[in-house]
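> Residue numbering for the sequence shown follows my numbering, starting at 1 and increasing by one per position.
Glycine residues also receive a C-beta, built at the ideal position from the N, C-alpha and C atoms.
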Amino acid sequence: MSISRVFFSDLKSGKCSSVVEARLLRFWEARNVKRGGELMWVDMLLMDMNSTLIQATINVNRLPRFRDRLAAGTMYSVSCFDVARCAQNFKLADSSLMIRFNDSTEFDVLSDPVSPIHAEGFRFRNQTELVGLANTNTQLPDIIGEIVAVKSTVSDPPEDKNSVMVTVKLENDVSVTLSLFDAQAVSFHQKLGGMRDDPKVIVATSINPKMVGGRLFLNATSGTHVYYDKETHAGESLFYRLVARDTGLPSAAPLLKSYAKVEPVTIAELNHFITTDPPQQEIDFLCTARVSRVEADKGWCYVACSKCSKKLQRTVTSFECARCNNPHAVGSLRTFVCFDGVMTKLHNLRASEAVQLLAEEGVNPEDSVMPPFVAGMEGKTYTFQVRVTPYNFTVNHQTFTVSRIINEVERAPAPEFVDDEGDDNDDDDAPDGPNNREKSGSGKGNCESSKRAGKEPVSNVHLKCGPCFSTVECRLLRFWEVKNMKQGGELRRLSMLIVDLNGTIMVASISAKRLIIFRSRLIAGAVYSVSGFFVAECAPTLRLTDSPLMIMFNDLTSFDMLSVTGLELPVEGFRFRNEAELLGLTNASTELPDIVAELSAVKSTVNDPPKGKNHVMATIKMDKGGSVILSLFDCQAIAFHRRLDSMRVDPKVVVATNVKPRKIGGHLFLYAISGTHIYFDKETSTGQACLSRLVNICTGHTPVAALIRKVAKVEPVTMAELNSFVAAAVSDDIEYMCTGTVLRLDSEKGWCYIACVKCGRKLKRTDSVFVCMHCENYHAVGVPRYRVELAIADDTDEGIFVCYDGTMAKLHGLEAYEAGLITAKDGVNPEDSQVPPFVSDMQGKTYTFHVKLATYDFTAGRQSFTVTRIINMNERLPLPEFVDHGGDESIGGSMGVNHQIHADVDYDMVSGEASLISATELSDPASPAVKKARKT
């Protein structure tokens with residue numbers, strides 16, 4: 001059956017199985033700032049061939065399935081999604097509807113669309129329209145204008161509470177202020193500070209207009225993207241108009257570079273100025289000189305108050321800040337006597353990070369040995385920006401304060417042989433002309449040739465500890481987030497594995513604070529050029545590669561995607577270990593190797609829909625025939641379960657990366673960690689080779705995925721047979737399959753109830769709170785859950801089926817609380833609200849019900865059947881009869897490529913006890929072993 005194609009204007013509320021072709025304009029994360037930046041969902045802005053914009057959202061629980069496919073500017077086909085009404089506040093598009101991805105959503109890259117789709121889409125508003133929208137919080141429009149001035153409070157390096165205020169002149173020559181905060185302010189500041197040419201035009205999306213004191217201010221939101229000059233067609237058009245008009249406005253970027261305005265002097269002139277005319281105010285000078293020595297006697301750092309930055313007094317048990325009057329202050333490290341920001345900017349490493357490289361047990365940080373890159377400054381020549389103040393030349397302070405150290409890497413001048421040939425085109429000031437731009441994943445332009453000019457690429461094996469400004473060309477193999485589960489899943493960093501021309505694999509790390517700069521550019525399998533990073537030694541434990549070094553991104557790091565490279569980089573990179581080698585690594589925690597093996601069996605405790613404490617145990621056969629257990633937990637277990645459950649063909653081969661080997665009770669167990677990625681059959685060349693060998697020997701193992709599908713094991717019956725069986729007797733839980741038509745819904749009993757988030761029991765509603773009698777909690781937190789009674793009939797008889805939360809959520813791809821948002825009305829409790837249309841639409845349709853019979857269901861008060869799953873015709877459709885494999889016995893032939901299972905799990909979440917559950921115990925949810933595993 002062909003699936004129809006529609007446009008955004010054709011959509012209506014409810015489930016949609018049609019296909020929409022659209023371009024992904026931009027996307028961004030929505031986080032809950034009140035909960036420590038907890039990720040809630042990812043928002044997207046899509047545009048179809050009619051230039052209709054619509055908002056789409058992916059819930060955080062479904063994000064691992066789609067995150068790797070998101071690339072701004074790419075065209076996709078989208079189908080099997082939910083359509084809901086947008087909130088009336090902060091609208092990102094003119095459409096009143098929005099798209100929500102669910103478990104059935106298909107989201108595939110489109111290389112050959114039926115009709116062309118525009119590359120850009122904006123909702124520009126002029127000054128009058130912005131004033132009309134101010135303080136209403138109804139819409140988040142886009143603006144385009146001319147950059148007049150920039151004021152930045154971003155420190156160097158960036159700290160908390162950073163802001164940037166940009167004065168923008170709109171088309172009617174009215175100036176407004178665009179404000180950016182925190183991570184967006186840092187990103188704006190750093191990009192503007194690193195540009196070779198000062199921009200004239202700015203395009204800002206999804207801003208929130210406010211009127212304060214009679215003036216118009218535009219505040220950036222999480223969906224705000226900023227583009228300069230020719231990075232958009234609209235910006236390019238305005239740019240050329242401004243160039244033709246030649247406004248003569250001062251450049252914006254120098255406002256961030258104070259060193260461009262100060263006077264260069266010699267040491268003698270500087271000393272003469274001080275002795276003859278002591279400063280009465282702060283004055284900046286530039287002075288180029290050689291470092292004759294580093295005063296090691298005075299140390300290299302001090303412990304400062306994290307609040308006021310003053311030096312702390314160390315007591316026996318704590319730090320004390322006299323200025324803040326805090327006897328238990330929290331300290332952070334500062335460099336001395338070029339102060340903290342100066343040294344961090346020069347060496348691309350914070351003092352706290354430098355201490356970690358030199359940490360000695362029992363030695364205070366300020367007493368530790370001087371870092372080699374600080375001591376290595378001796379004998380080198382730098383240009384210093386010196387700030388002269390009266391404070392520096394008192395009796396106790398006969399020194400100059402350095403506010404910046406400039407080396408030859410910063411803003412290098414263009415080569416002398418570049419000739420503009422008399423034109424005004426700023427883009428041809430690079431060696432290869434104007435057509436050498438490469439678009440990154442974030443949609444922003446990067447001049448690849450200019451960034452690589454003069455930098456000879458090096459390989460990973462030539463790197464040494466310290467700052468590195470050479471260029472490395474590499475392929476990004478895979479990446480993952482590392483979170484601190486002890487602090488509510490707080491994001492700590494993003495780790496990557498990269499491989500160079502020589503096949504050398506290294507770990508690269510991006511801290512959480514810098515991740516906003518690079519996240520949108522990350523695509524597994526893409527080739528990049530990397531420069532301006534710091535090289536450090538890897539930790540001796542839990543090593544992901546054989547290399548002793550790792551790359552750390554910093555504020556000067558350039559990370560650009562390469563569309564064309566002269567190097568043939570490896571496509572894959574693994575560190576496979578056989579069973580004997582894995583046994584040698586058990587319990588040592590030194591390495592996290594990779595494995596390739598045959599998949600024999602799978603045991604899963606993943607609920608449907610998934611709840612807390614889920615895990616999967618996969619039995620795999622190694623090269624020598626020995627079987628080991630691969631354990632996955634929480635998000636990774638859910639992803640593994642769902643992927644295996646949805647595959648049309650059961651896989652034979654599994655490749656698992658970065659597993660942690662353990663030996664318990666004489667048996668070998670492998671645990672997934674945050675860096676574990678799973679590949680099946682032909683998704684890797686190694687897996688494909690192993691699959692071919694297994695097909696040739698024909699092991700005869702039972703299919704793996706079927707172990708998860710209980711519906712394949714139960715007996716199909718009619719309604720009459722079902723009623724007859726119940727009338728006879730029910731002594732144990734027995735499951736059947738029954739196909740019938742929904743005659744009616746019992747709407748009087750509602751469609752949902754409010755359940756306790758802890759025990760799942762129905763809550764009792766009082767005037768002001770919920771009460772859970774089971775938990776004895778008189779201030780319980782509730783969540784809506786489905787409970788729908790259906791009258792089902794076939795040709796033989798009729799019966800009452802009850803569908804609970806997991807069953808309905810699986811069928812419709814929408815949780816009950818999400819459905820409640822669609823039908824929500826002011827003053828109406830969720831359980832009393834109107835039945836959602838997709839639930840009422842079940843009436844008259846035919847389904848196959850997986851029914852569980854128990855004595856509980858047929859007491860005096862309960863004459864009904866409990867439905868554990870509803871199967872419709874879309875689940876695991878059989879192959880068409882005309883499909884011919886052409887004699888190919890490969891069972892992996894119908895699978896797609898480059899599918900990964902990727903989830904975020906911290907090392908602390910790995911529990912050895914879960915893997916001790918036997919097959920018999922696992923089948924019994926009430927067994928002590930299963931209960932103990934769920935508590936870990």
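Since I believe threonine 52 is in contact with serine 9 (beta carbons under 8 Å), could you give me their beta-carbon distance rounded to a whole number of angstroms?
The residue labelled residue 9 in the question sits at position 9 within the sequence shown. The residue labelled residue 52 in the question sits at position 52 within the sequence shown. So it is a contact: roughly 6 Å between Cβ atoms.
> Write down the C-beta distance between leucine 670 and isoleucine 629 rounded to the nearest angstrom, noting that I regard them as a contact closer than 8 Å.
Position 670 of the sequence shown, counted from the start, is the residue given in the question as residue 670. Position 629 of the sequence shown, counted from the start, is the residue given in the question as residue 629. Right, the Cβ-Cβ distance comes to about 7 Å (below 8 Å), so this counts as a contact.
> Taking DSSP as the reference, what is the three-state secondary structure of asparagine 658?
Locating residue 658 in the sequence shown gives position 658, counting from the first residue. Here asparagine 658 sits in coil by DSSP.
> Going by beta-carbon coordinates alone, are proline 64 and alanine 618 separated by less than 7 Å?
For the purposes of this step, residue 64 is taken as the residue at position 64 of the sequence shown. For the purposes of this step, residue 618 is taken as the residue at position 618 of the sequence shown. The answer is no: Cβ separation not under 7 Å.
> Here's a check: name, in chain order, each residue in its chain whose Cβ is nearer than 7 Å to the Cβ of isoleucine 267, leaving out the five neighbours to either side.
For this step, residue 267 is matched to residue 267 along the sequence shown. So the list reads Cys287 and Ala289, once near-sequence residues are dropped.
> If we ignore side chains and look at the alpha-carbon of each, how far apart do valine 6 and isoleucine 117 end up?
On the sequence shown, residue 6 is found 6 positions in, with the first residue counted as 1. On the sequence shown, residue 117 is found 117 positions in, with the first residue counted as 1. Approximately 14 Å between the Cα atoms of the pair.
> Which residue wins for smallest C-alpha separation from glycine 525, given the options Pro209, Glu683, Ser222 and Lys603?
Along the sequence shown, one-based indexing puts residue 525 at 525. Measuring from the Cα of glycine 525, the nearest candidate turns out to be Glu683.
> Whose C-beta lies closer than 6 Å to the C-beta of phenylalanine 124 among residues of the same chain, with five residues either side of it excluded?
For the purposes of this step, residue 124 is taken as the residue at position 124 of the sequence shown. Asp142 and Ile144, listed in sequence order.
> What are the boundary residues of the alpha helix (DSSP H) that includes glutamate 236?
Residue numbering aside, residue 236 sits at position 236 when the sequence shown is read from its first letter. Unbroken alpha helix (DSSP H) run through glutamate 236: 233 to 245.
> What does the alpha-carbon distance come out to for the pair proline 880 and tryptophan 28?
As a first step, residue 880 must be located in the sequence shown, where it is residue number 880. As a first step, residue 28 must be located in the sequence shown, where it is residue number 28. Low per-residue confidence applies at proline 880: pLDDT is 34, beneath 50, and the placement is therefore not dependable, though the value from the model is reported in the following sentence. Approximately 40 Å between the Cα atoms of the pair.
> Buried or exposed: where does tyrosine 817 fall if 16 or more other Cβ atoms within 10 Å of its Cβ makes it buried?
In the sequence shown, residue 817 corresponds to position 817, counting from 1. Exposed, because fewer than 16 other Cβ atoms sit within 10 Å of the Cβ of tyrosine 817.
> Suppose you measure from the CA of serine 511 to the CA of asparagine 326; what does that come to, to the nearest Å?
Along the sequence shown, one-based indexing puts residue 511 at 511. Along the sequence shown, one-based indexing puts residue 326 at 326. Between serine 511 and asparagine 326, the C-alpha separation is close to 29 Å.
> Just mark methionine 211 as buried or exposed, buried being the case when its beta carbon has 16 or more other beta carbons within 10 Å.
Start at 1 with the first residue of the sequence shown, and residue 211 comes out as number 211. The residue is exposed, with fewer than 16 neighbouring Cβ atoms inside 10 Å.
> Which residue marks the beginning of the alpha helix (DSSP H) containing serine 840, and which one marks its end?
Position 840 of the sequence shown, counting from 1, holds the residue named residue 840. Where serine 840 is concerned, the enclosing alpha helix (DSSP H) stretches over 837 to 840.
> If we call anything under 7 Å between Cβ atoms a contact, is proline 477 one with valine 507?
Along the sequence shown, one-based indexing puts residue 477 at 477. Along the sequence shown, one-based indexing puts residue 507 at 507. According to the sequence provided, residue 477 is leucine. The question's proline does not apply to it. Taking 7 Å as the Cβ cut-off, leucine 477 and valine 507 do not qualify as a contacting pair.
> By Cβ distance, which residues of its chain are closer than 8 Å to glycine 503, with the 5 residues on each side in sequence left out?
Taking the first residue of the sequence shown as position 1, residue 503 is located at position 503. Correct list, in chain order: Pro570 and Gly573.
> From the DSSP secondary-structure annotation, give me the bridge partner or partners of cysteine 752.
Numbered from 1 along the sequence shown, position 752 holds the residue referred to as residue 752. Answer by DSSP bridge pairing, in chain order: Tyr786.
> Smallest Cα separation from aspartate 794: which of Val265, Val742 and Gly750?
Here residue 794 refers to the residue found at position 794 when the sequence shown is read from its first residue. Measuring from the Cα of aspartate 794, the nearest candidate turns out to be Val742.
> For arginine 521, which of helix, strand or coil comes out of DSSP?
The count along the sequence shown starts at 1 and reaches residue 521 at position 521. Of the three classes helix, strand and coil, the one that applies to arginine 521 here is helix, per DSSP.
> Assuming contact is defined by CB atoms lying nearer than 7 Å, are phenylalanine 373 and glycine 466 in contact in what I supplied?
For the purposes of this step, residue 373 is identified with residue 373 of the sequence shown, where counting begins at 1. For the purposes of this step, residue 466 is identified with residue 466 of the sequence shown, where counting begins at 1. Yes, they are a contact pair.
> Among the residues of its own chain, which have a CB less than 6 Å from the CB of glutamine 313, if the five just before and after it don't count?
Here residue 313 refers to the residue found at position 313 when the sequence shown is read from its first residue. Cβ within range, chain order: Glu320.
> So if DSSP puts valine 83 in a beta bridge, which residue, or which two residues, is it bridged to?
On the sequence shown, position 83 is the one that residue 83 refers to. BP columns for valine 83 point to Gly14 and Ile99.
> So, do the region 99 to 107 and the region 54 to 61 have three or more beta carbon pairs nearer to each other than 8 Å?
Flag = yes, the region 99 to 107 and the region 54 to 61 touch.
> Nearest-angstrom Cα distance between alanine 22 and methionine 75?
Locating residue 22 in the sequence shown gives position 22, counting from the first residue. Locating residue 75 in the sequence shown gives position 75, counting from the first residue. Their Cα atoms are separated by approximately 6 Å.
> Please name the residue or residues paired with tyrosine 847 in a DSSP beta bridge.
Numbered from 1 along the sequence shown, position 847 holds the residue referred to as residue 847. Per DSSP, Gly740.
> Would you mind stating whether valine 164 and leucine 140 have Cβ atoms separated by less than 7 Å?
Within the sequence shown, the letter at position 164 stands for residue 164. Within the sequence shown, the letter at position 140 stands for residue 140. No, the Cβ-Cβ distance between valine 164 and leucine 140 is not below 7 Å.
> My output table needs one value for valine 499: the three-state DSSP class, helix, strand or coil.
Position 499 of the sequence shown, counted from the start, is the residue given in the question as residue 499. Three-state result, valine 499: strand.
> What does DSSP give as the partner residues of glutamate 735 in its beta bridges?
On the sequence shown, position 735 is the one that residue 735 refers to. According to DSSP, which records beta bridges pairwise, glutamate 735 is partnered with Lys852.
> Identify the continuous alpha helix (DSSP H) that holds glutamine 636 and give its terminal residues.
By one-based count along the sequence shown, residue 636 stands at place 636. Counting along the chain, the alpha helix (DSSP H) containing glutamine 636 begins and ends at 634 to 646.
> Provide the residue(s) that pair with leucine 549 in DSSP beta bridges, ordered along the chain.
To locate residue 549, count along the sequence shown from 1; it is residue 549. Leucine 549 is bridged to Glu537.
> Just verifying my parser: in three-state terms, what is the DSSP assignment at phenylalanine 66?
Indexing the sequence shown from 1 puts residue 66 at position 66. Looking at phenylalanine 66 - three-state DSSP - the assignment turns out to be helix.
> Is the Cβ-Cβ distance between glutamate 208 and aspartate 182 less than 7 Å?
One-based indexing of the sequence shown puts residue 208 at position 208. One-based indexing of the sequence shown puts residue 182 at position 182. Here residue 208 is asparagine; the residue named in the question, glutamate, does not match the sequence. No. Outside cutoff.
> If you drop the 5 nearest sequence neighbours on each side, which residues of the same chain put their C-beta closer than 8 Å to that of threonine 221?
Locating residue 221 in the sequence shown gives position 221, where the first residue counts as 1. If we look at threonine 221 and ignore the five residues flanking it on each side, its Cβ neighbours are Phe90, Leu140, Ser206, Ile207 and Asn208.
> With a threshold of 8 Å, are at least 3 pairs of Cβ atoms found where one atom belongs to the region 540 to 556 and the other to the region 591 to 609?
Touching, per the Cβ criterion.
> Nearest CA to the CA of lysine 1018: which residue from Gln636, Asn587 and Val649?
The shown model of the chain, from 1 to 936, leaves out residue 1018, and the question about it has no answer.
> Going by beta carbon distance, what residues of the same chain come within less than 6 Å of threonine 699, once the five residues before and after it are set aside?
Taking the first residue of the sequence shown as position 1, residue 699 is located at position 699. The predicted model places threonine 699 with a pLDDT of 47, which falls under 50 and marks its position as unreliable, so this point remains unresolved.
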